[in-house]
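Residue numbers 1 to 461, in this note's numbering, belong to the letters of the sequence shown in order. Okay, so here's the structure we're looking at.
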Amino acid sequence: MQIRVFGAAGEVTGSCYLVQTDRARLLLDFGLHQGGADADKRNRNLPPIAVQDLDAVVLTHAHLDHSGRTPLLAREGYRGPIYATPATIDLCEILLKDAAHLQQLDAERSNRRHAGARHAEPLYTGDDVERLLPRFEPAEYDHPVEVAPGITCRWVDAGHILGSASVEMICMDGGATRTIVFSGDIGPRGAPLLKDPVTFDRADLVFLESTYGDRDHRSMDDSLDEFVSIIESAQTPEGKVIIPAFAVGRTQQLLYFIGELRRQGRLTEPRVYMDSPMAITTTDLYCRHKELFDKESRAILEQRDSCLHIPGLRIARTPQESMAINRLGDGVIVLSASGMCTGGRILHHLKNNLWKEQAHLLIVGFQAQGTLGRRLVDGQKNVSIMGEPIRVKAHVHTLGGFSAHAGQTELLEWLTPIAPSAPRVMLTHGENEPRKTLSDLIERELRLTPELPEFGDTIEL
Ligand SMILES: [Zn+2]
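Listed below in structure tokens is the structure:
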């Protein structure tokens, strides 16, 4: 059998693996490439397999860099199943519809700007998403499903976002049975709301993410202290705390933290604006899936009758309500998307505040190469937003402790129980520097020699 890697090889977006046995062919994840000038071109370049020949698609979680190209399959006429956990299916509906809408807007904008030149088409449309949705089949955690002839998958909690999973795939091929483990994105241990990631006890082949393969995050307690002090120092007439928060996951975690800090008396009457229509829908969805929360968060949220709708939370639904936030100061906290500042309402908040010395920008999630968020994290002082040059004077803070990804030590610990079965280890979903650092550490600590596959590589098993 063979597995081919068509994304997230030496980068963090575009996850896609093509698994082929003597009996079946399937895709595990089919995500968007994000950031970088050639992302659109790469997204249109499909793996070399006709959709009629695919038996199944298996998803680890709903983030668009893992699920965001699945509508292309529907457009090409795919009629097979897409297996994912029930919460992932719910989230995919929200995320994919939004992605189609944004692509439509991008195409229209590009056609207005380059009228008469080449005509831009959206990558896919809302109709493609509608055609895709009936293809989803729910797979519960820890209930193995035969997804294709001779291939059985089991999803376990990955603690990354609601419904996220690592997948164990047992494949029969030529009379032999092989176990492949896909880590998906692994969350940190002890984060609020979600349960901790679960690992496996053996495998022949492991694909391990390496987003933070080169570093550990600061502790949650230290990060919360820093969070409080940033909010305090923003209590000035023009002061504002702007947080590009991924609508799925980071926003809900921040609402939880702010609610807890307020309950503990560490923040007095915080004014929080949730300014992302998708974050609003997703927060309601999180509250409908409380069964997936860890025990501690469930106990706390059961005392609050409003789940994540904390006191002091204002919701900006319309663009006018979003623009009105620009007139506010005095330490108001703005949670807006997109999380890597590549589009959405966050852009007008940045344009209106980055040049102010009293403004604070708080980065709480990974920023991929080529994104505006990454340029700001890297300390660039001159950026361009919506075609306008901006000189950055705001304070830019990075709170790694709020990340949805495990740090280096946690990645190593996740792999440790599998190591005695001497699997081949492939490090993916990380830029080259972090995955090389993690590779060295695994070699030293676990006596395994990880491989660092490139785009298009074939792994024979
Ligand atoms: Zn993810």
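Ideal placement from N, C-alpha and C gives every residue a C-beta, glycine not left out.
(message) Quick check: is any heavy atom of ligand 1 less than 7 Å from the C-beta of H63?
(response) yes
(request) Leaving aside the five residues before and after I325 along the sequence, list all residues of the same chain whose C-beta is less than 8 Å from its C-beta, in chain order. (result) Y273, D275, A316, V332, V334, H349
(message) Taking its Cβ as the centre, do 16 or more other Cβ atoms sit within 10 Å of N45, making it buried, or is it exposed?
(response) exposed
(message) Counting only C-beta atoms, is V248 closer than 8 Å to chain B at any point?
(response) Absent here is chain B; the protein component of the structure consists of one chain.
(request) Pull up the CB-CB distance for Q253 and P311, whole angstroms please, since I reckon it's below 8 Å. (result) Q253 to P311, Cβ: 18 Å. No contact.
(message) For the structure I just gave you, are there three or more beta carbon pairs, one from the stretch 436-445 and one from the stretch 375-383, closer than 8 Å?
(response) no
(message) Given the structure, does H66 come close to ligand 1, in the sense that its CB is under 7 Å from one of the ligand's heavy atoms?
(response) yes
(message) Are there any heavy atoms of ligand 1 lying less than 7 Å away from the beta-carbon of D157, as far as the coordinates show?
(response) no
(message) Short of 7 Å in beta carbon distance, which residues of its chain neighbour A148, apart from the five on each side in sequence? Order them along the chain.
(response) A24, L26, D55, A56
(request) Please specify which runs of the alpha helix (DSSP H), each continuous and at least 4 residues long, are wholly inside the stretch 237-269, giving them in chain order. (result) Counting whole runs of 4 or more residues, the stretch 237-269 contains the alpha helix (DSSP H) stretches 250-263.
(request) Enumerate in chain order the residues of its own chain whose CB-to-CB distance from A463 is below 6 Å, with the five nearest sequence positions on each side excluded. (result) Summary: the structure shown does not reach residue 463, with the chain confined to residues 1 through 461, and so no result is reported for it.
(request) Please specify which runs of the alpha helix (DSSP H), each continuous and at least 4 residues long, are wholly inside the stretch 280-368, giving them in chain order. (result) 295-303, 319-324, 346-353
(message) Following a CB-centred definition, is I94 positioned closer than 7 Å to any heavy atom of ligand 1?
(response) no
(message) Using 8 Å as the threshold, is the C-beta distance between Q369 and G35 below it?
(response) yes
(message) For a quick check, are the C-beta atoms of L123 and N43 less than 8 Å apart?
(response) A distance below 8 Å separates the beta carbons of L123 and N43.
(request) Could you tell me the distance, in whole angstroms, from the CA atom of G259 to the CA atom of L32? (result) 33 Å
(message) Short of 7 Å in beta carbon distance, which residues of its chain neighbour M278, apart from the five on each side in sequence? Order them along the chain.
(response) Answer for M278: I94, D98, A247, A337, listed in chain order.
(request) Could you check if P188 is buried or exposed, using at least 16 other CB atoms within 10 Å of its CB as the buried criterion? (result) buried
(message) Could you pull the DSSP bridge partners for P389 from this structure?
(response) S384
(message) Please report the distance separating the alpha-carbon of T409 from that of L415.
(response) Whole-angstrom Cα-Cα distance: 10 Å.
(request) Please go through the same chain and pick out, in chain order, the residues whose beta-carbon is closer than 8 Å to the beta-carbon of D53, but skip the five residues on each side of it. (result) R25
(request) Just the C-alpha distance for V396 and M172, rounded to the nearest angstrom, thanks. (result) Cα to Cα, the separation comes out at about 51 Å.
(message) I need the DSSP call for T88, collapsed to helix, strand or coil.
(response) In this structure, T88 counts as helix in the three-state DSSP scheme.
(request) Give the range of the alpha helix (DSSP H) segment to which T409 is assigned. (result) Boundaries of the alpha helix (DSSP H) around T409: 408-415.
(request) Could you check if S229 is buried or exposed, using at least 16 other CB atoms within 10 Å of its CB as the buried criterion? (result) exposed
(request) Answer with buried or exposed for G175, where buried requires no fewer than 16 other C-beta atoms within 10 angstroms of its C-beta. (result) By the neighbour-count rule (16 or more Cβ atoms within 10 Å), G175 is not buried but exposed.
(message) As a quick exercise: from I161, D106, H101, pick the residue whose alpha carbon is nearest that of M386.
(response) D106
(request) Look at E471 and V58 and say whether their C-beta atoms are less than 8 Å apart. (result) The question about residue 471 has no answer here: the residues shown for the chain are numbered 1 through 461.
(message) Please state the DSSP three-state secondary structure of S166.
(response) strand
(request) Output the boundary residues of the beta strand (DSSP E) element that contains R154. (result) Boundaries of the beta strand (DSSP E) harbouring R154: 151-157, taken from the DSSP string.
(request) Run through the stretch 5-76 for me and flag every whole alpha helix (DSSP H) of 4 or more residues, listed as ranges in chain order. (result) 39-43, 64-67, 70-75
(request) Could you pull the start and end residues of the beta strand (DSSP E) that F207 belongs to? (result) Per DSSP, F207 belongs to the beta strand (DSSP E) from 205-209.
(message) Please classify E302 as buried or exposed, where buried requires at least 16 other C-beta atoms within 10 Å of its C-beta.
(response) exposed
(request) Report back the beta-carbon spacing between L411 and L208 to the nearest angstrom; my notes put them in contact at under 8 Å. (result) 7 Å
(request) May I have the straight-line CA-CA distance separating G456 from M169, to the nearest angstrom? (result) A straight line joining the alpha-carbon of G456 with that of M169 spans about 21 Å.
(request) Return the CA-CA distance between G401 and G116, expressed in angstroms with no decimal places. (result) Approximately 48 Å between the Cα atoms of the pair.
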